[in-house]
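Taken in sequence, the protein lines are chains S, H and R.
Numbered according to the working numbering, the first sequence terminates at residue 417, and the numbering increases by one at each position without gaps.
Numbered according to the working numbering, the second sequence terminates at residue 489, and the numbering increases by one at each position without gaps.
Numbered according to the working numbering, the third sequence terminates at residue 381, and the numbering increases by one at each position without gaps.
Where a beta carbon is used, it is the ideal one built from N, C-alpha and C, also for glycine.
Here is the structure we will look at.
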Amino acid sequence: MLMYLLRRLGLALVTCLFISVLTFIIIRLPPGDFVDAYIANLAASGSTVSNEQAEAMRRDYGLDQPALVQYARWLGRVLEGDFGVSMVWRRPVTEVIGDRLWLTMVVSFAALFLTWAIALPIGIYSAVRQYSIGDYVFTTLGFIGLAVPNFLLALILMYLGFRYLGLNVGGLFSPDYVQAPWSWARVWDLAKHLPLPAAVLALAGTAQLIRIMRANLLDELRKPYVVTARAKGLTERRTILKYPVRAALNPFASSVAYLFPYLVSGSIVVSLVLGLPTVGPLLLQALVAQDMFLAGTIVLLLGIMTVVGTLISDVLLMWIDPRIRLEGHG
Amino acid sequence: MRPTPMAEPIALAVRDLAVRFEMEQGNVHALEGVSFDLRAGRTLGIVGESGCGKSVTARSILRIIDRPGRITGGRILLDPGTPQEVDLAALDPESARMRAVRGGRVGLIFQEPMTALSVHYTVGNQIIEAVRQHSDISKAEARNRAIELLREVGIPRPETRIDAYPFELSGGLRQRVGIAMALAGDPDILIADEPTTALDVTTQAQILALLRRLQAEKRIALMLITHDMGVIAEMTDEVAVMYLGRVVEYAPVAALFAAPRHPYTRALLRAVPSVLAAPRQRLATIGGAVPHPGARPAGCAFHPRCAEVIPGRCTAEMPPAIPPGIAGASCFLDVPA
Amino acid sequence: MSAAAADIGATAGQDRFAQATQLQLTWWRFRRHRLALISLFIVALFYAVAVFADFLAISDPHATDARRSFIPPQAIHLFDDGAFRPHVYGLRGVRDPQTFKLVYTPDPNRKLPVTLFARGYDYALFGLFETNIHLLGIEGGSRGDGIFLLGTDQLGRDLYSRMVVATRVSLSIGLAGVTLSLLLGVLLGGISGLYGGWVDTVIQRVIEILRSIPTIPLWMGLAAALPNTWSVTQVYLAITVIISLIGWTDLARVVRGRFLSLREEDFVVAAELAGASQGRIIFRHMLPSFASHIIAAVSLALPAMIVSETALSFLGLGLRPPAVSWGILLQDAQNIQVLAGAPWLLSAAVPVTVVILAFNFLGDGLRDAADPYG
């Protein structure tokens with residue numbers, strides 16, 4: 088068990104390092120360095136920077152050093168919590184991102200829980216009542232869920248909401264609370280706005296999980312241990328919930344590992360359509376404006392958050408499956 | 153009631169049981185007119201090739217046949233002839249009464265000790281659940297009872313083994329756990345569905361000895377399903393030979409081996425390897441394969457493989473079923489004693 | 008309830024179930040494969056549209072005309088006074104009484120006959136034959152008239168023609184991405200499955216790492232870094248590479264799994280013992296035996312590629328105008344105000360959904376056919 092945990096932890100660290108390299112590449116990819124961009128940015132607003140000033144800035148940021156040294160220095164600063172300064176906003180990146188990172192995670196986690204909450208009962212129903220009308224309906228809905236990309240679904244919902252209800256269904260807060268400091272009322276307001284984006288995000292994953300759950304449970308239902316449980320005199324309901332469903336939960340728990348990055352990914356595009364105050368719109372703005380420290384930081388933090396989320400799911404899986412839990416104990 | 157040669161009371165009587173699987177390829181008659189008795193303290197062996205309906209019989213008694221199979225006729229009488237007589241075939245499979253029978257009156261032991269236990273729960277969890285399903289006792293008491301059961305089936309150090317997961321035990325120990333679980337509701341009828349098939353020979357012998365001992369101690373009516381004639385000879389008192397969903401011969405075990413009356417039984421016995429056989433002698437096999445139950449031959453279902461077929465008769469007419477409790481064979485060649 | 012009544016009730020219920028299933032079961036049994044067949048037909052149809060895109064298009068997908076801005080979808084009227092004379096209405100400029108803006112609306116008094124194989128804008132069929140023949144066109148219209156089956160966008164471009172032409176880019180970029188992913192996947196998955204050991208471990212870890220990264224932010228970062236000066240073709244290739252960056256991992260897993268199981272198969276061992284070279288074993292014996300698995304995996308990977316491109320282009324980070332893809336068309340629908348006035352801008356969502364659905368069914372059917380037990 089300890090070995091399993093250590094292995095997972097090690098892999099998570101390597102992944103984070105890998106993400107940091109990718110981030111650094113993304114930061115450095117645009118032609119010219121960030122001082123060029125900074126100067127161009129200033130020029131656009133009317134002020135100029137002399138060549139000497141530019142050179143001084145390059146020295147300050149170590150841009151005259153080889154890439155590896157720059158990477159090491161950048162990583163060192165990041166580890167100290169200094170993510171650099173956003174050129175567009177002229178403020179530290181962390182300040183610009185603010186709550187947005189947490190809101191991204193809130194939306195993604197809400198979508199994850201919604202996925203589970205919907206997929207689990209429907210998957211069980213579809214397997215136990217295989218070939219029933221309900222199973223047929225859910226399978227069809229599932230396929231449509233798989234086929235409609237979430238940003239399109241968001242777009243359609245926005246349109247329908249606007250056209251037929253006359254209201255903007257986007258956003259995560261009511262106008263009164265957008266700028267308000269955190270309070271229970273604001274949290275409640277957030278909770279009220281969360282279902283729609285979470286549902287939009289969750290749809291495809293839910294469809295997929297229902298299929299996985301249904302297939303797994305159908306396999307498990309045929310296994311002899313189910314007959315054993317029935318032969319004990321347990322009710323059908325208890326038999327199914329305690330034994331085959333429990334076994335079919337394994338792939339369910341491990342689904343977090345691939346579902347979570349997917350949800351975080353999706354939240355970026357969906358946020359743009361629904362106008363959610365997550366990092367999505369900020370990332371797009373930053374990329375379009377070549378505000379690379381901001382963009383890079385967002386990519387980095389999203390990546391790390393995802394890795395942490397996945398790690399949590401691994402630990403969860405470990406507790407669910409006694410075979411992994413007892414690994415190494417003989 | 154019909155006079156019986158045996159003194160022991162009948163615990164379970166199966167009469168003209170018919171089970172049908174309705175599938176898209178057509179209906180499959182898995183069982184047709186199956187009758188037999190289980191008596192307290194005695195062992196009925198059910199023998200036949202794969203697909204002859206042995207396991208379906210066991211599951212029908214417990215009313216746990218998988219869909220789309222269902223009982224289409226006959227009765228399954230628990231405690232026949234007593235005021236408590238119940239026809240299990242008429243009960244709702246999900247009713248409390250039926251569930252009390254399952255595991256409470258009738259215990260089931262499985263073929264695959266590997267897959268018959270869930271890997272997700274400890275052995276104790278699964279046994280205690282069965283104990284508490286059939287008696288109203290506290291968790292701690294149930295746990296003690298489970299430990300006692302494990303000891304009873306010969307598992308060493310049951311106090312620690314109770315917290316083990318099935319995958320931490322050997323095949324033989326797992327099968328013992330399976331037996332302990334079947335005994336948890338203190339049943340007076342045990343159905344063992346190929347209990348030793350998946351085990352090695354030494355373990356087989358141990359499990360069979362255990363079953364014999366438990367049967368003697370608790371006066372259990374044991375229904376032993378197997379395709380192994382050796383196990384039949386060693387364990388049973390009476391034998392029902394099944395072929396394609398029908399009982400083709402019913403006889404006390406000694407009579408069956410001494411004078412088999414159905415051509416199929418004779419063919420089965422010839423196919424048993426013998427240490428007395430001459431070196432390099434080919435093992436006899438039964439020609440042909442068991443037909444698919446959906447494509448049942450007309451007349452006597454065994455006629456395409458029968459060496460003693462009567463042309464025109466066996467191919468057209470079905471031989472009469474054997475009256476329950478009386479030795480005989482469902483064959484035109486058999487002269488009732 | 009007496010025991011007998013319960014028995015009758017149960018029997019009746021089961022009979023109903025049994026009767027329902029006879030038809031229903033047959034339907035379910037055939038459904039999968041029949042759907043796969045229909046899907047194959049749909050996919051083929053889409054690729055045919057892509058090949059003959061310019062022929063099927065009616066007006067020049069790039070030609071802008073401010074006066075034709077936001078014309079709603081127009082139907083082709085088949086009958087004129089009871090006679091079969093397909094026609095569309097011409098457009099008439101009307102000044103909006105409130106905004107004084109010139110708005111074009113269909114004028115039922117001007118009927119423009121629709122003809123087959125009409126002359127239209129110039130294009131090269133298969134990139135080879137210069138021609139200007141299109142499937143549909145109108146006779147005798149003045150400048151600005153046209154058939155607008157799906158309406159026009161803000162710049163007055165015919166949405167139907169743009170959508171047809173976009174099919175080419177959207178479908179081919181999926182194909183290109185999958186080809187690249189397949190090359191990477193077969194190569195790395197093959198190496199991983201064949202050699203095992205530390206090579207396998209490293210490749211597997213890399214796959215795990217790549218899969219645990221949220222893809223869209225990563226793609227956005229990479230796509231945004233493409234220089235503005237690049238040509239449409241360069242960007243197209245770069246986007247292909249970017250979306251293949253993650254896509255290969257799934258295919259590599261399939262290939263590795265197959266290699267691992269095939270390595271133990273008798274016919275492979277036999278070939279080894281017969282002294283066949285490793286290359287011969289791989290290409291002559293192993294690859295053909297799991298080609299069907301690869302085809303199935305590819306048809307399941309394709310829709311993901313198409314969605315990726317659509318999403319990137321939708322965000323404005325993928326292909327850039329003048330390239331036309333479904334994502335680029337949907338970009339116009341981003342603004343809710345615009346969308347509310349011109350909902351037909353969403354019509355590109357239909358081919359996206361249909362193609363994804365078709366590929367998914369096709370892939371499922373192929374997977375079942377390739378491996379009925381898997």
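Once DSSP output is grouped into helix, strand and coil, what is the label at R146(S)?
Within the first sequence, numbered from 1, the residue matching residue 146(S) stands at position 59. Correct three-state label for R146(S): helix.
According to the neighbour-count rule (16 or more other Cβ atoms, all chains shown, within 10 Å of its Cβ), is P475(H) buried or exposed?
The sequence position of residue 475(H) within the second sequence is 323, counting from 1. It counts as exposed.
Exposed or buried, which one is W203(S) when buried takes at least 16 other CB atoms within 10 Å?
The residue you call residue 203(S) lines up with position 116 of the first sequence. Classification of W203(S): buried, given that the 10 Å Cβ count is 16 or more.
From the DSSP output, in three-state form, read off N367(R) for me.
Numbered from its first residue, the third sequence carries residue 367(R) at position 360. In this structure, N367(R) counts as helix in the three-state DSSP scheme.
Less than 8 Å separating the beta-carbons of V258(H) and I341(H)?
Position 106 of the second sequence, counted from the start, is the residue given in the question as residue 258(H). Position 189 of the second sequence, counted from the start, is the residue given in the question as residue 341(H). Yes, the Cβ-Cβ distance between V258(H) and I341(H) is below 8 Å.
Using 8 Å as the threshold, is the C-beta distance between I384(H) and T378(H) below it?
As a first step, residue 384(H) is located in the second sequence; it is residue number 232 there, counting from the start. As a first step, residue 378(H) is located in the second sequence; it is residue number 226 there, counting from the start. Closer than 8 Å, so yes.
When the Cα of S179(R) is compared with those of L244(R), V209(R), R287(R), W205(R), which residue comes out closest?
As a working note, residue 179(R) is residue 172 in the third sequence. Among L244(R), V209(R), R287(R), W205(R), the Cα nearest to that of S179(R) belongs to L244(R).
Hey, how far is the Cα of I220(S) from the Cα of A232(R)?
Here residue 220(S) refers to the residue found at position 133 when the first sequence is read from its first residue. Here residue 232(R) refers to the residue found at position 225 when the third sequence is read from its first residue. If I take the Cα positions, the gap works out to 50 Å.
I want to verify the contact list: residues of chain S whose CB lies under 9 Å from the CB of V359(R), in sequence order.
Here residue 359(R) refers to the residue found at position 352 of the third sequence. Result: A234, V235, P236, L239.
Quick one: list the residues of chain H neighbouring Y312(S), beta-carbon separation under 7 Å, in chain order.
As a working note, residue 312(S) is residue 225 in the first sequence. By Cβ distance, chain H contributes T267, A268, L269, S270.
When you compare the CB positions of G226(H) and D189(H), do they come within less than 8 Å of one another, or not?
Locating residue 226(H) in the second sequence gives position 74, counting from the first residue. Locating residue 189(H) in the second sequence gives position 37, counting from the first residue. No, the pair does not count as a contact, with Cβ atoms beyond the cut-off.
Would you mind reading off the limits of the alpha helix (DSSP H) that contains S187(H)?
Along the second sequence, read from residue 1 onward, the residue named residue 187(H) stands at position 35. Looking at the DSSP string, S187(H) is not in any alpha helix (DSSP H); the run it does join, the beta strand (DSSP E), is 178 to 191.
Tell me the rounded alpha-carbon separation between G397(H) and L301(H).
Here the question's residue 397(H) lines up with position 245 in the second sequence. Here the question's residue 301(H) lines up with position 149 in the second sequence. For G397(H) and L301(H), the distance between alpha carbons rounds to 35 Å.
For L336(R), which residues in chain S fall below 9 Å Cβ to Cβ?
As a working note, residue 336(R) is residue 329 in the third sequence. Result: empty, since nearest Cβ-Cβ is about 12 Å, beyond 9 Å.
List the endpoints of the continuous beta strand (DSSP E) containing D168(H).
Along the second sequence, one-based indexing puts residue 168(H) at 16. 162 to 175 is the span of the beta strand (DSSP E), which, as asked, contains D168(H).
For I307(H), which three-state DSSP category applies?
Within the second sequence, numbered from 1, the residue matching residue 307(H) stands at position 155. Looking at I307(H) - three-state DSSP - the assignment turns out to be coil, as it is neither helix nor strand.
So is L321(S) in contact with chain H if we call contact Cβ pairs under 8 Å?
Sequence index remark: in the first sequence, residue 321(S) carries index 234 (1-based). Taking Cβ atoms only, chain H reaches closer than 8 Å to L321(S), which makes this a yes.
Under 8 Å, Cβ to Cβ, is there at least one residue of chain R near G390(S)?
Taking the first residue of the first sequence as position 1, residue 390(S) is located at position 303. It does: the Cβ of G390(S) has a partner Cβ on chain R nearer than 8 Å.
Quick one: what's A392(H) bridged to in DSSP?
Taking the second sequence and counting its residues from 1, the one referred to as residue 392(H) is at position 240. Looking at the DSSP assignment, A392(H) forms a beta bridge with I198(H), Y402(H).
With a CB to CB cut of under 7 Å and the five nearest residues on each side skipped, what residues in its chain are close to R422(H)?
In the second sequence, counting from the first residue as 1, residue 422(H) sits at position 270. Here the set comprises A436.
In the structure shown, what three-state DSSP assignment does I65(R) receive?
Here residue 65(R) refers to the residue found at position 58 of the third sequence. Of the three classes helix, strand and coil, the one that applies to I65(R) here is coil, per DSSP.
Between which two residues does the beta strand (DSSP E) holding Y96(R) run?
The residue labelled residue 96(R) in the question sits at position 89 within the third sequence. Note, Y96(R): beta strand (DSSP E), 90 to 102.
Checking contacts by CB at 8 Å: is Y330(S) closer than that to chain H?
The count along the first sequence starts at 1 and reaches residue 330(S) at position 243. Chain H contact via Cβ: present.
Taking the alpha-carbon positions, what's the P310(H) to A241(H) distance?
For the purposes of this step, residue 310(H) is taken as the residue at position 158 of the second sequence. For the purposes of this step, residue 241(H) is taken as the residue at position 89 of the second sequence. Answer to the nearest angstrom: the Cα atoms are 38 Å apart.
Quick one: using the 10 Å Cβ neighbour count with 16 as the cut-off for buried, is A278(S) buried or exposed?
Residue numbering aside, residue 278(S) sits at position 191 when the first sequence is read from its first letter. Flag for A278(S) reads exposed.
Have a look at the DSSP bridge pairing and note the partners of R126(R).
Position 119 of the third sequence holds residue 126(R). According to DSSP, R126(R) bridges with I140(R).
Compare the beta carbon distance of A368(H) and Q263(H) with 8 Å and say whether it is the shorter of the two.
Position 216 of the second sequence, counted from the first residue, corresponds to residue 368(H). Position 111 of the second sequence, counted from the first residue, corresponds to residue 263(H). No.
Looking only at its own chain, which residues have a Cβ that is under 8 Å from the Cβ of V345(R), when we skip the five neighbours before and after it?
In the third sequence, residue 345(R) corresponds to position 338, counting from 1. So the list reads Q161, D339, L352, once near-sequence residues are dropped.
Rounding to the nearest angstrom, what Cα-Cα distance links L403(S) and I223(R) in this structure?
To locate residue 403(S), count along the first sequence from 1; it is residue 316. To locate residue 223(R), count along the third sequence from 1; it is residue 216. Looking at the two C-alpha atoms, the distance is approximately 26 Å.
Exposed or buried, what is R126(R) when buried is set at 16 or more other beta-carbons lying within 10 Å of its beta-carbon?
Counted from its first residue, the third sequence places residue 126(R) at position 119. Exposed: under 16 other Cβ atoms inside 10 Å.
If G232(S) and A294(S) are in contact, beta carbons under 8 Å, what's the gap, nearest whole angstrom?
For the purposes of this step, residue 232(S) is taken as residue 145 along the first sequence, with counting starting at 1. For the purposes of this step, residue 294(S) is taken as residue 207 along the first sequence, with counting starting at 1. Confirmed, about 3 Å.
Please name the residue in H84(R), L123(R), G228(R) whose C-alpha comes closest to that of V108(S).
For this step, residue 108(S) is matched to residue 21 along the first sequence. Selected option, being the one with the closest Cα: G228(R).
Does the contact criterion of 3 or more C-beta pairs under 8 Å hold for the stretch 139 to 146 of chain R versus the stretch 314 to 333 of chain R?
No contact exists between the stretch 139 to 146 of chain R and the stretch 314 to 333 of chain R.
Go to A278(R), then tell me how far its alpha helix (DSSP H) extends in each direction, as first and last residue.
Reading the third sequence from its first residue, position 271 is the one you call residue 278(R). A278(R) -> alpha helix (DSSP H) spans 273 to 280.
Against chain S, does E215(R) count as a neighbour if the rule is that its beta carbon must be under 8 Å from one of theirs?
The sequence position of residue 215(R) within the third sequence is 208, counting from 1. Answer yes: the Cβ-Cβ gap between E215(R) and chain S drops below 8 Å somewhere.
Does chain H have any CB closer than 8 Å to the CB of R250(S)?
Within the first sequence, the letter at position 163 stands for residue 250(S). For R250(S), the answer is no, since every Cβ of chain H falls outside 8 Å of its Cβ.
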